[in-house]
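A.B. asks: What follows is a structure written as structure tokens; I'll ask about it next.
In my numbering, the protein residues as written are 95 to 203.
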């Protein structure tokens, strides 16, 4: 039963974040588009943040989302995985540092 609840919670969080929060945040905050394409990032030197980002995206089989790349960079910098537990850790870190947003509230609470 516990695992069923965890799976449902995970699906709800993914839905809330990717289908609701991100589209709304793009409208409200008007974030800047990430300035590099995946092809450009692949040309960065090994050990650079750009190269680490493209490697991270490839390793996790993710897409480079132009409005969400900065979030993935935080995963790299802070060492949190993209699992549910890793996402909770990242959002808890953000909350602990005074960043209160819909994804933070939806994930942590």
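Even glycine gets a Cβ: it sits at the ideal position worked out from N, Cα and C.
1) In chain order, what residues of the same chain lie with their CB nearer than 7 Å to the CB of residue 172, ignoring the 5 residues before and after it?
2) Would DSSP call residue 161 helix, strand or coil?
3) For residue 152 and residue 136, I'd like the C-alpha separation in whole angstroms.
4) Taking the alpha helix (DSSP H) that residue 190 belongs to, which residues open and close that run?
5) What is the DSSP secondary structure of residue 175, counted as helix, strand or coil?
6) Check whether the stretch 121-135 touches the stretch 157-172, counting contact only when three or more Cβ pairs, one atom from each stretch, lie closer than 8 Å.
C.D. replies: So, to answer that:
1) 184, 187
2) coil
3) Distance between the alpha carbons of residue 152 and residue 136: 10 Å.
4) 178-190
5) coil
6) yes
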